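J.: Got a structure for you, questions after.
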Ligand SMILES: [Zn+2]
């Protein structure tokens, strides 16, 4: 896809290099674009940090496929769409990365991508993924989404525990919640009304922007 004129003006002439993962996969990115798009990188590449002096940042613990998605989002300002469970997992990892670097617009964009993937794959959220969301986020509204979706499929939330279908379900719940009180609390205080409203939810319910503008309205 060719960049739009507005994007072209944002590219600038200088580039920076990211080395990602243990194999040091190389990503060359326009400096002006990444700095204007993302405060985390603006701080690194416009300060006296060594990243700015050398134009290089190493991210050895990040996975190249996640940084690749991040770069796709930077350039066309869109996230690719694949409708596979593998891609869904990547969307979660992209979201975790977005929270880690404090990039709320990317959090919201990846949140929407997660919802789109689920809507088309038509699968429930797994116990493992629910636990992973709580392990990898702190303030993300992805937690609310994950709980809502879990409750939607499991028929939990404000209901007597006796409504859970089987001892096996409770055993799995016990496994994923016993080390995580936030998750335990959120599951058992979830609003069960959500179950009937799943397909009519306002997308911004799960966005980080609060009273600020929605990224999806600000698109070029
Ligand atoms: Zn929004």
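Numbering (full-length UniProt numbering), first residue to last: 1 to 220.
For every residue, glycine included, the Cβ atom is placed at its ideal position computed from N, Cα and C.
Given the structure is predicted, the values throughout are model-derived calculations rather than measurements.
According to DSSP, is residue 17 part of a helix, a strand, or is it coil?
T.: Strand at residue 17.
J.: CB of residue 110 to nearest heavy atom of ligand 1: below 7 Å?
T.: Answer for residue 110: no, Cβ out of range of ligand 1.
J.: Could you check whether residue 33 and residue 70 sit closer than 8 Å to each other, using their CB atoms as the reference points?
T.: For residue 70 and residue 33, no; Cβs fall outside 8 Å.
J.: Do the CB positions of residue 88 and residue 29 come within less than 8 Å of each other?
T.: Result no, Cβ atoms of residue 88 and residue 29 do not sit closer than 8 Å.
J.: How many Å lie between residue 64 and residue 23 at the Cα?
T.: Rounded to whole angstroms, residue 64 to residue 23 spans 9 Å at the Cα level.
J.: Using only alpha-carbon positions, find the residue among 52, 117, 39 that is nearest to residue 17.
T.: Comparing Cα-Cα distances from residue 17 to each of 52, 117, 39, the minimum goes to 52.
J.: Identify every residue that forms a DSSP beta bridge with residue 57.
T.: Per DSSP, 18.
J.: When you measure from the CB of residue 204 to every non-hydrogen atom of ligand 1, does any distance come out below 7 Å?
T.: Because some heavy atom of ligand 1 lies under 7 Å away, the Cβ of residue 204 counts as near it: yes.
J.: Near residue 41, what residues of its chain come up, given a Cβ to Cβ distance below 7 Å and the 5 sequence neighbours on each side ignored?
T.: Taken in chain order, the residues that qualify are 34, 35.
J.: Taking residue 39 as part of the alpha helix (DSSP H), name the residues at either end of that continuous run.
T.: Taken as a continuous stretch (DSSP letters only), the alpha helix (DSSP H) holding residue 39 covers 39-45.
J.: Given residue 116, which residues of its chain have a CB within under 7 Å of its CB, disregarding the five upstream and five downstream residues?
T.: Around residue 116: 81.
J.: If I measure Cβ to Cβ from residue 60 and keep anything under 7 Å in the same chain, skipping five residues before and after, which residues do I get?
T.: Cβ neighbours of residue 60 beyond the five flanking positions: 21, 22.
J.: Let me confirm a value: residue 295 is counted as buried when at least 16 other C-beta atoms fall within 10 Å, else exposed. Which label applies?
T.: Lying before the first or after the last residue shown, residue 295 is absent from the chain, which here runs from 1 to 220.
J.: Using DSSP with H/G/I as helix, E/B as strand and the rest coil, what is residue 217?
T.: Coil, per DSSP.
J.: Is it right to say residue 112 is buried, meaning 16 or more other beta carbons lie within 10 angstroms of its own, or is it exposed?
T.: Buried.
J.: Measuring CB to CB, does residue 31 end up less than 8 Å from residue 49?
T.: For residue 31 and residue 49, no; Cβs fall outside 8 Å.
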